[in-house]
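Peer 1: In UniProt numbering, the protein residues as written are 1 to 84.
Every residue gets a Cβ at the ideal spot worked out from N, C-alpha and C, and that includes glycine.
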């Protein structure tokens, strides 16, 4: 399962592969767009991050997207108290 979203000028790409034994492997990439959809690895995570999650499917994707959004917000500025 894969998802791609944008947050504050960064492109978040998440890949989730569910494992037979339960849980999933997550690949998370935060990149900056260059032009016409091309992307380049950038701050706050310059390379894909890979980790294991106890969640699967859509729940694992949502967890990874939230993790990326928090990393971007932490790197750029304090979070908007009104839920930007």
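Does chain C have any CB closer than 7 Å to the CB of residue 27?
Peer 2: Structure shown: chain C not included; a single protein chain is present.
Peer 1: Could you have a look at residue 24 and say whether DSSP puts it in helix, strand or coil?
Peer 2: strand
Peer 1: Rounded to whole angstroms, what's the CA-CA distance from residue 8 to residue 31? Just pull it up for me.
Peer 2: 11 Å
Peer 1: I'd like the list of long-range same chain contacts for residue 43, defined as Cβ closer than 7 Å, with 5 residues on each side in sequence excluded.
Peer 2: Here residue 43 scores only 49 on pLDDT, less than 50, and its place in the model should not be relied on; the value that follows carries that caveat. Same-chain partners within the cutoff: 75.
Peer 1: Going by the beta-carbon positions, is the gap between residue 16 and residue 60 smaller than 7 Å?
Peer 2: yes
Peer 1: Can you name the residues that DSSP bridges to residue 15?
Peer 2: 2 and 27
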